[in-house]
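Engineer: Using our numbering, you'd call the opening residue of the sequence shown number 404 and step up by one each time.
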Amino acid sequence: MKKIHYLIQNPLLKIPLKIVDSIGYKFFSKRKSTSTVHPKRILISNIAHLGDAIIFSAIIPILKSQFPNADLGILIGSWAKEIFSEHPGIKWIHFLDHWKLNRASISLIKKMKRHFFIRRKTIKEIQRINYDLSIDFYPFFPNTSYVLWKGNVPIRLGYNSAGLGFLFTSDLNWHLSDRFILEYHMDLLKLLNLKKPFFKAKPLLKPLQDDILIKIKNKTSSSFLGDNYIVLHSCSGNPMKEWPENYWIELVNKLQFKNASFLFTGKGKRESQRVAKIIPHAKNCYNLVDQLLINEFFALIAKAKLLICSDSLPVHIAWAYDTPSIVIQQKTLDASLWSPPNPNCFFLRKEQSPDYILSLSSTFIK
Numbered sequence: 404m405k406k407i408h409y410l411i412q413n414p415l416l417k418i419p420l421k422i423v424d425s426i427g428y429k430f431f432s433k434r435k436s437t438s439t440v441h442p443k444r445i446l447i448s449n450i451a452h453l454g455d456a457i458i459f460s461a462i463i464p465i466l467k468s469q470f471p472n473a474d475l476g477i478l479i480g481s482w483a484k485e486i487f488s489e490h491p492g493i494k495w496i497h498f499l500d501h502w503k504l505n506r507a508s509i510s511l512i513k514k515m516k517r518h519f520f521i522r523r524k525t526i527k528e529i530q531r532i533n534y535d536l537s538i539d540f541y542p543f544f545p546n547t548s549y550v551l552w553k554g555n556v557p558i559r560l561g562y563n564s565a566g567l568g569f570l571f572t573s574d575l576n577w578h579l580s581d582r583f584i585l586e587y588h589m590d591l592l593k594l595l596n597l598k599k600p601f602f603k604a605k606p607l608l609k610p611l612q613d614d615i616l617i618k619i620k621n622k623t624s625s626s627f628l629g630d631n632y633i634v635l636h637s638c639s640g641n642p643m644k645e646w647p648e649n650y651w652i653e654l655v656n657k658l659q660f661k662n663a664s665f666l667f668t669g670k671g672k673r674e675s676q677r678v679a680k681i682i683p684h685a686k687n688c689y690n691l692v693d694q695l696l697i698n699e700f701f702a703l704i705a706k707a708k709l710l711i712c713s714d715s716l717p718v719h720i721a722w723a724y725d726t727p728s729i730v731i732q733q734k735t736l737d738a739s740l741w742s743p744p745n746p747n748c749f750f751l752r753k754e755q756s757p758d759y760i761l762s763l764s765s766t767f768i769k
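#1: Report the residue from PRO727, PHE543, ASP614 whose alpha carbon sits nearest the alpha carbon of LEU710.
#2: Using alpha carbons as the reference points, say which of LEU453, PHE750, PHE543, VAL655 lies closest to ASN576.
#3: Give the single residue among GLY476, SER508, VAL730 whose Cα lies nearest to the Cα of ILE348.
#4: Report the option in PRO414, LYS598, ILE720 whose CA atom is closest to the CA atom of GLU699.
#5: Can you tell me which of ARG673, CYS688, TYR650 puts its alpha carbon nearest to the alpha carbon of GLU754?
#6: When you measure from the CB of ALA451 to every non-hydrogen atom of the ligand ADP, does any distance come out below 7 Å?
#7: Compare the beta carbon distance of HIS636 and SER715 with 8 Å and say whether it is the shorter of the two.
#8: Buried or exposed: which applies to PHE431, given that a residue is buried once 16 or more other Cβ atoms fall within 10 Å of its Cβ?
#9: I think GLU489 touches ILE697, with their Cβ atoms under 8 Å apart; what is that distance to the nearest whole Å?
#10: Going by DSSP, what residues sit across from TRP495 in a beta bridge?
#11: Going along the chain, which residues of its own chain have a beta-carbon closer than 8 Å to the beta-carbon of LEU616, five neighbours each way excluded?
#12: Where does ARG506 fall in DSSP's three states?
#13: Just to confirm, is the Cβ distance from PHE498 to ILE529 under 8 Å?
#14: Work out the CA separation of ASN687 and ASP581 for me, nearest whole Å.
#15: Could you check what DSSP says for VAL692 in three-state terms: helix, strand or coil?
#16: In terms of residue numbering, what span does the beta strand (DSSP E) encompassing ARG517 cover?
#17: Assuming LYS407 is part of the beta strand (DSSP E), what are its boundary residues?
#18: Which residues bound the beta strand (DSSP E) around TYR632?
#19: Taking the C-alpha atoms as reference points, what is the distance between VAL655 and LYS593?
#20: On the CB-based measure, 16 or more other CB atoms within 10 Å of its CB, does ILE512 come out buried or exposed?
#21: Would you call the segment 583-591 and the segment 733-751 in contact, with 3 or more CB pairs under 8 Å?
#22: By alpha-carbon positions, which one of ALA565, ARG523, ARG522 ends up nearest to CYS540?
#23: Taking the straight line between their C-alpha atoms, what separation do you get for ILE731 and SER762?
#24: Measuring straight from C-alpha to C-alpha, what distance separates ASN641 and CYS712?
#25: Let me know if ALA483 comes out buried or exposed under the rule of 16 or more other beta-carbons within 10 Å of its beta-carbon.
#26: What do you reckon, are the CB atoms on PRO557 and ALA723 nearer than 8 Å?
Shown next as structure tokens:
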């Protein structure tokens with residue numbers, strides 16, 4: 404068995420998967436050449452959260468360019484449905500809500516029941532379409548190798564770092580380096596020995612509605628004027644990445660001379676309570692936490708003069724729409740893995756004060 408670098412921390416998951424893999428690679432692994440692949444139906448998979456889905460959308464134009472006559476299907480978590488429904492590059496959408504990734508406020512038992520119910524349905528859908536090729540772009544646990552295998556897709560590519568890599572017909576080892584996650588996606592595409600060179604990849608999202616800002620203003624009873632506004636997303640899925648509340652208060656008060664509106668976004672009780680503590684201490688602020696649909700949230704960032712946020716989902720939305728952004732990032736070994744190659748994005752360390760942002764903001768807000 405090949406040596407595998409597992410991206411799994413929990414030993415209760417890692418050890419059983421290592422045992423299954425040691426058996427699977429020895430007795431069940433089936434390798435297939437990908438040097439002469441001419442697929443008519445391609446299934447791409449990434450069942451992770453919204454930030455991953457946005458990054459992953461950059462694969463769509465590349466595959467369309469390499470295989471112009473092929474139809475694309477996509478396997479995602481249902482939480483990413485709004486990103487890809489009616490997407491011009493996608494013909495079929497399948498869902499898999501894995502219990503490990505499901506952030507719904509329900510018990511683990513209910514998450515597992517939902518997972519297995521949807522999995523059976525999705526496998527049947529994949530079987531009916533008769534895909535020629537599938538690529539799972541998510542290197543972390545869980546991957547979708549089992550679903551792609553049971554879906555009878557003849558050529559299946561993916562990383563072995565989440566376990567069950569023997570169910571892929573070609574798999575890659577994971578080697579952490581100073582690279583953005585999309586470059587790891589490209590490594591999987593290289594397994595196909597594509598002849599055309601890759602162009603500079605960037606997320607491909609659905610077009611925005613022309614009047615969506617007006618709809619947001621009416622819906623939220625906000626009076627911010629035109630598009631002269633700054634979006635502030637103070638929270639992250641990991642509170643360790645966040646600035647203290649007093650830093651946000653100081654920042655907004657120092658930016659008042661810009662004559663801009665400050666729109667705080669977020670989701671959930673914790674983020675709502677956090678923003679509620681910040682806003683009373685600053686002027687021209689609007690609390691839009693829990694008031695926006697996904698497409699409205701995307702549009703708000705797309706049309707903003709500037710985004711200032713913790714290292715989270717909005718970073719990737721700003722990259723997709725070329726919105727200037729300043730990101731407060733915690734120093735970690737894998738920071739570059741989630742830092743998009745956006746020339747309009749500036750990354751600051753969490754330890755830096757609001758004065759650093761104040762000087763950078765002058766580049767975007769006159």
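Backbone N, C-alpha and C fix where the C-beta goes; we use that ideal spot for every residue, glycine too.
For clarity, every value in this text was computed on a predicted model and none was experimentally measured.
Structural biologist: With the given structure in hand:
#1: Looking up residue 710 in the sequence shown gives position 307. Nearest of PRO727, PHE543, ASP614 to LEU710, Cα basis: PRO727.
#2: Taking the sequence shown and counting its residues from 1, the one referred to as residue 576 is at position 173. Nearest option by C-alpha distance: PHE543.
#3: Only positions 404 to 769 of the chain appear in this structure, which leaves residue 348 out of reach.
#4: Residue numbering aside, residue 699 sits at position 296 when the sequence shown is read from its first letter. Cα-wise, what sits closest to GLU699 is ILE720.
#5: Translated into the one-based positions of the sequence shown, residue 754 becomes position 351. Answer by Cα proximity: TYR650.
#6: Judged by which ligands are present, the structure shown has none, so any question about the ligand ADP falls away.
#7: The residue labelled residue 636 in the question sits at position 233 within the sequence shown. The residue labelled residue 715 in the question sits at position 312 within the sequence shown. Against a cut-off of 8 Å, the Cβ pair of SER715 and HIS636 comes out as a contact.
#8: Position 28 of the sequence shown, counted from the first residue, corresponds to residue 431. Exposed, by the Cβ-count rule.
#9: Here residue 489 refers to the residue found at position 86 when the sequence shown is read from its first residue. Here residue 697 refers to the residue found at position 294 when the sequence shown is read from its first residue. With 8 Å as the limit, GLU489 and ILE697 do not qualify as a contact, their Cβ atoms being about 13 Å apart.
#10: As a first step, residue 495 must be located in the sequence shown, where it is residue number 92. Answer is GLY476.
#11: For the purposes of this step, residue 616 is identified with residue 213 of the sequence shown, where counting begins at 1. Closer than 8 Å at the Cβ level, and outside the excluded window around LEU616, lie ASP630, ALA702, LEU703, LYS706.
#12: Along the sequence shown, one-based indexing puts residue 506 at 103. The answer is coil: DSSP assigns ARG506 none of H, G, I, E or B.
#13: In the sequence shown, residue 498 corresponds to position 95, counting from 1. In the sequence shown, residue 529 corresponds to position 126, counting from 1. Cβ atoms of PHE498 and ILE529: not closer than 8 Å.
#14: Position 178 of the sequence shown, counted from the start, is the residue given in the question as residue 581. Position 284 of the sequence shown, counted from the start, is the residue given in the question as residue 687. Each residue's alpha carbon lies about 40 Å from the other.
#15: As a working note, residue 692 is residue 289 in the sequence shown. Three-state result, VAL692: coil.
#16: Counting from 1 along the sequence shown, the entry for residue 517 is found at position 114. Note, ARG517: premise wrong, no beta strand (DSSP E); alpha helix (DSSP H) at 511-532.
#17: Start at 1 with the first residue of the sequence shown, and residue 407 comes out as number 4. What sits at residue 407 in the sequence shown is Ile, not Lys. From DSSP, ILE407 is part of no beta strand (DSSP E); its letter is neither H nor E.
#18: Here residue 632 refers to the residue found at position 229 when the sequence shown is read from its first residue. Start and end: 632-636.
#19: The count along the sequence shown starts at 1 and reaches residue 655 at position 252. The count along the sequence shown starts at 1 and reaches residue 593 at position 190. Roughly 46 Å between the two C-alpha positions.
#20: As a position in the sequence shown, residue 512 is number 109, starting the count at 1. It counts as exposed.
#21: yes
#22: Reading the sequence shown from its first residue, position 137 is the one you call residue 540. Per the sequence shown, the amino acid found at residue 540 is Phe instead of Cys. Ranking the options by Cα distance to PHE540, first place goes to ALA565.
#23: In the sequence shown, the residue the question calls residue 731 occupies position 328. In the sequence shown, the residue the question calls residue 762 occupies position 359. About 15 Å.
#24: In the sequence shown, counting from the first residue as 1, residue 641 sits at position 238. In the sequence shown, counting from the first residue as 1, residue 712 sits at position 309. Rounded to the nearest angstrom, the two C-alpha atoms are 13 Å apart.
#25: Counting from 1 along the sequence shown, the entry for residue 483 is found at position 80. With 16 or more other Cβ atoms within 10 Å, it is buried.
#26: By 1-based counting over the sequence shown, the position of residue 557 is 154. By 1-based counting over the sequence shown, the position of residue 723 is 320. Contact flag unset, no.
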